[in-house]
Amino acid sequence: GSLGANQINNLVIECLDELKKDFIVVHQTGKKFAQENPDIMASGDDNYKPYEFIFNEMVSVIQSADIIISRAGANSLWECAVCSKPMILIPLCGAGTRGDQVDNAEYFANKGAAIALTGKDATKENLLDALSEMKNSETRNKFAESCKSICKEKKPSEIIANLILEQIKI
143 GSLGANQINN
153 LVIECLDELK
163 KDFIVVHQTG
173 KKFAQENPDI
183 MASGDDNYKP
193 YEFIFNEMVS
203 VIQSADIIIS
213 RAGANSLWEC
223 AVCSKPMILI
233 PLCGAGTRGD
243 QVDNAEYFAN
253 KGAAIALTGK
263 DATKENLLDA
273 LSEMKNSETR
283 NKFAESCKSI
293 CKEKKPSEII
303 ANLILEQIKI
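This is the structure:
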């Protein structure tokens, strides 16, 4: 997001050396992280591309990605699902949250379209394990097919509307 997700930012930086061995990492950090970590923002290379915010290019970034690591906001999830992108979701959870991201992550994980790393499960080891699993093209294809199935099963706009209605208790 534009403000960044500290938990994800910290995990990416903690795993960066391992990630760069197998992936080109496009990292949207958010403004706060970018301002507080100018050295990291300047450390980009062929396998690490940090951006404060990705504007018009977001669709291209999603379409080019093999795997998406993200929070679990409804809009982002459906954008990735429509593009058939396997996801590793690290939902915002705990005190002060509505809980919708945890519900969203569980929905996609239960449908086989994502791996959810919630709360204490969002560790370096678990993230690297999830990425190792998704590195396999057959596994990625299964997750991608699950994304397609979800999108055929229900229109994303209907699911988003239902999630909103559930949250506001209508």
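Residue numbers (the numbering used here): 143 to 312.
Ideal placement from N, C-alpha and C gives every residue a C-beta, glycine not left out.
Item                                                                                                                                                           : Value
Within 10 angstroms of its Cβ, does Lys-227 collect 16 or more other Cβ (buried), or is it exposed?                                                            : buried
At 4 residues or longer, what runs of the alpha helix (DSSP H) sit wholly inside the region 213-280?                                                           : 216-224, 242-252 and 266-277
Indicate whether the contact test is met: 3 or more Cβ pairs, each with one atom in the region 270-277 and one in the region 167-177, closer than 8 angstroms. : no
If you drop the 5 nearest sequence neighbours on each side, which residues of the same chain put their C-beta closer than 6 angstroms to that of Ala-176?      : Met-183 and Glu-194
With a CB to CB cut of under 6 angstroms and the five nearest residues on each side skipped, what residues in its chain are close to Ile-150?                  : Ile-232
For Glu-295, which of Gln-309, Leu-307, Gly-261 and Phe-250 has the nearest alpha-carbon?                                                                      : Phe-250
Ordered along the chain, which non-local residues of its own chain (more than five positions away) have a Cβ less than 8 angstroms from that of Gln-330?       : No statement about residue 330 is possible, as the shown extent of the chain runs from 143 to 312 and does not include it.
Buried or exposed: Phe-197, going by 16 or more other Cβ atoms within 10 Å of its Cβ?                                                                          : exposed
Span of the alpha helix (DSSP H) holding Lys-163?                                                                                                              : 148-164
Along the chain, where does the beta strand (DSSP E) containing Lys-191 start, and where does it finish?                                                       : 190-193
Just mark Ile-306 as buried or exposed, buried being the case when its beta carbon has 16 or more other beta carbons within 10 Å.                              : exposed
From the DSSP output, in three-state form, read off Asp-208 for me.                                                                                            : coil
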